[in-house]
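Residue numbers (the numbering used here), protein chains in the order written: chain G, 1 to 176; chain P, 1 to 176; chain C, 1 to 176.
Note that beta-carbon positions come from the ideal geometry of N, C-alpha and C, so glycine has one too.
Remember, it's a predicted structure, so these values are computed and weren't measured experimentally.
For reference, the structure discussed in these notes is given below.
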Amino acid sequence: MPVTSTASMEGLEARLRRVEDRLEILQLIASYGPSVDSGAARETADIWTQDGSYEYSVLGDTPEAQEVASLNGRETIRRMVEGDEHQGLIGRGAAHFMGIPAIHIDGDEALAVTHSVLLLRTPETGENVVARFGANRWLLVRTAEGWRVQRRTQSLLDGRAAARDILHAGTGHLGL
Amino acid sequence: MPVTSTASMEGLEARLRRVEDRLEILQLIASYGPSVDSGAARETADIWTQDGSYEYSVLGDTPEAQEVASLNGRETIRRMVEGDEHQGLIGRGAAHFMGIPAIHIDGDEALAVTHSVLLLRTPETGENVVARFGANRWLLVRTAEGWRVQRRTQSLLDGRAAARDILHAGTGHLGL
Amino acid sequence: MPVTSTASMEGLEARLRRVEDRLEILQLIASYGPSVDSGAARETADIWTQDGSYEYSVLGDTPEAQEVASLNGRETIRRMVEGDEHQGLIGRGAAHFMGIPAIHIDGDEALAVTHSVLLLRTPETGENVVARFGANRWLLVRTAEGWRVQRRTQSLLDGRAAARDILHAGTGHLGL
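Pasting the structure below:
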């Protein structure tokens, strides 16, 4: 963190840009929940780059049965939002609740790490359940449209090493 | 996002103000949970403008029985916090947990969209429940006191269209 | 919030620093969950100052049996992360989910108030529980390494006055 008081215009502008980058990435990640839970397929997909990918753990009947789904490209992400499974979730009541991101920016690339929780309502009883919670690694790139997600990887936090590896990427390099 | 390096003082100041606006709104929304869960009635009310309003879904015995409560003006919001129902919640243990906001600023007005979750402790068993979760639309205005909430609308995420309409307002217009 | 348009370089730099301070503190707090849930003992400890402390409510069999644990210094915090109890939590699946902080900065000291929730997976059933939720007060200081936590106090939100006192510190002084 610079402490000089002999700031140049160029120096101030560079610092301001880092701040803007950070807030724009926070904003992009904050828009995921509203987009996916309102069923806004195009807006959800547009959080990614044209060929961006989203990999996530799929719940099986047993922990061992869990697999990884991989969505590649905006068109595929859009179809996931429009699909029966996702529409079923938001029809019964769903919140894809995102944690505050730890963000590391390196020029035109960035890494963000967040927790996420899926809350679901049980229509029959009116009870709410924590259906799943996981670790997310977002690899972002600066594009002509602004920051976009090149690759998001989500892993369930159920003791598996993959989830802890993701979280570990969000530690350490503190500061802006 | 400006990429010019020939920044003028006026240009830098305008960009810095947008950043400050965004952080001030984040701060205002972040102060809601601490205010309402500590029973700080005046501080909770002061998040709104003098005549600001707060509309929210009221849980009924069945989803169909849910209605909308409407609090109008700081005095009414203050009395809600001091009322028996809210005091009962915080007496047993309550967290009004707020999601990260998607914020869109347009001059002296702003819109923020957040998820929210109400966690409650069951004193008899010590168990915690996700009592409700919803979508929130915050319409904010710049006042002489700083940013304040003109109108907050919360709708339960139980499949109803109103909640998805609220969330949809938080999608799309990405960037700062 | 300054509204002058006759901004000086020094004035802009001071405002930018306040923004950077705020974002750096947000980042520091955002890194806690990823650090502790990935079992990164050193990175978790380094969120604190060398002699920083972490006090938190310990769950007892009854609310009355709850006590306060106190970890003093990085070495002690590091050992907590490496200890059997914490390793057991992350082995079954745990998320220390943090709320958005209300931050008040005063020169080289700062105060942040957040909600926090501990989500745990029950390996036998695959069900997830809200194991605890609480109020957190983070007292931070600016060091040569950047902002670090001097003292974090967490109290369960189960109706006890201590938790509400912590939350109350996060109310009121709105604005940046």
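- Runs of the beta strand (DSSP E) lying entirely within the region 74-140 of chain P and spanning at least 3 residues, in chain order: 94-98, 102-106, 109-121.
- With respect to chain P, the C-beta atom of valine 149 (chain C) has no partner C-beta closer than 8 angstroms.
- If you check each beta-carbon in the region 28-56 of chain C against every beta-carbon of chain G, the ones closer than 8 angstroms belong to Leu28, Ile29, Ala30, Ser31, Gly33, Pro34, Ser35, Asp37, Ser38, Gly39, Ala40, Glu43, Thr44, Asp46, Ile47.
- Not one beta carbon of chain G lies nearer than 8 angstroms to the beta carbon of asparagine 72 (chain C).
- Here glutamate 109 (chain P) is not near valine 68 (chain P), since their CB atoms are 8 angstroms or more apart.
- Rounded to whole angstroms, proline 34 (chain C) and histidine 168 (chain G) show a C-alpha spacing of 6 angstroms.
- When DSSP reads this structure, glutamate 67 (chain C) sits in a beta bridge with C:Val58.
- Residue nearest to glutamate 127 (chain G) within the set P:Ala131, P:Thr125, P:Gly83, P:Gly170 is P:Ala131 (criterion: CA-CA distance).
- Within the model, the alpha-carbon separation for serine 38 (chain C) versus tyrosine 56 (chain C) is close to 20 angstroms.
- Rounded to the nearest whole angstrom, the C-alpha separation of tyrosine 32 (chain C) and alanine 135 (chain G) is 13 angstroms.
- In this structure, leucine 28 (chain C) keeps its C-beta atom at 8 angstroms or more from the C-beta atom of tyrosine 54 (chain C).
- According to the DSSP assignment, arginine 15 (chain C) belongs to the alpha helix (DSSP H) that extends over 9-30.
- Excluding its 5 nearest sequence neighbours in each direction, valine 117 (chain G) has C-beta neighbours in its own chain below 7 angstroms: Phe97, Val130, Phe133, listed in chain order.
- Each of P:His86, P:Arg160, P:Ile105, P:Ser155 was checked against the Cα of alanine 40 (chain P), and the nearest Cα belongs to P:His86.
- Nearest C-alpha to isoleucine 25 (chain C) among C:Leu139, C:Gln154, C:Ala162, C:Ile166: C:Leu139.
- Shown here, threonine 44 (chain P) sits in a helix according to DSSP, grouped into three states.
- In the structure shown, leucine 156 (chain C) falls within a strand segment according to DSSP collapsed to helix, strand and coil.
- Threonine 114 (chain G) places its beta carbon 8 angstroms or farther from that of proline 123 (chain G).
- Residues are counted here when their Cβ sits less than 9 angstroms from a Cβ of chain P; for the region 13-28 of chain C these are Arg15, Leu16, Arg18, Val19, Arg22, Leu23, Leu26, given in chain order.
- Here aspartate 51 (chain G) has Gly73 as same chain residues with Cβ atoms under 6 angstroms from its own Cβ, once five neighbours each way along the sequence are excluded.
- Looking from the CA of isoleucine 105 (chain P), the closest CA among P:Met9, P:Glu20, P:Glu10, P:Ala45 belongs to P:Glu20.
- Closest option to arginine 79 (chain C), judged by alpha-carbon separation, among C:Val58, C:Asp46, C:Arg92, C:Gly93: C:Asp46.
- Judged by DSSP secondary structure, leucine 167 (chain G) falls within the alpha helix (DSSP H) whose first and last residues are 161-168.
- Within chain P, Gly99, His115, Val117 have C-beta atoms less than 7 angstroms from the C-beta of phenylalanine 97 (chain G), given in sequence order.
- For glycine 33 (chain P), the secondary structure class from DSSP, reduced to helix, strand or coil, is helix.
- Taking each of G:Gly159, G:Arg152, G:Ala144, G:Arg121 in turn and checking the Cα distance to arginine 160 (chain P), the smallest one comes out for G:Arg121.
- Taking a 10 Å sphere around the C-beta of glutamate 43 (chain C), we find 16 or more other C-beta atoms and assign the residue as buried.
- Shown here for arginine 151 (chain G): same chain residues with a beta carbon closer than 7 angstroms to its own, the five before and five after excluded, namely Gly52, Ser53, Leu139 in chain order.
- Against chain G, the CB of isoleucine 103 (chain P) has a partner CB under 8 angstroms away; the residue lies at that interface.
- In the three-state reduction of the DSSP assignment, threonine 143 (chain G) falls in the strand class.
- According to DSSP, residue pairing for serine 53 (chain G) in a beta bridge involves G:Asn72, G:Arg151.
- Sixteen is the threshold: since fewer than 16 other Cβ atoms of the shown chains lie within 10 Å of the Cβ of glutamate 75 (chain G), the residue is exposed.
- About 15 angstroms separates the CB atoms of threonine 49 (chain C) and threonine 153 (chain C); that is not less than 8 angstroms, and the two are not in contact.
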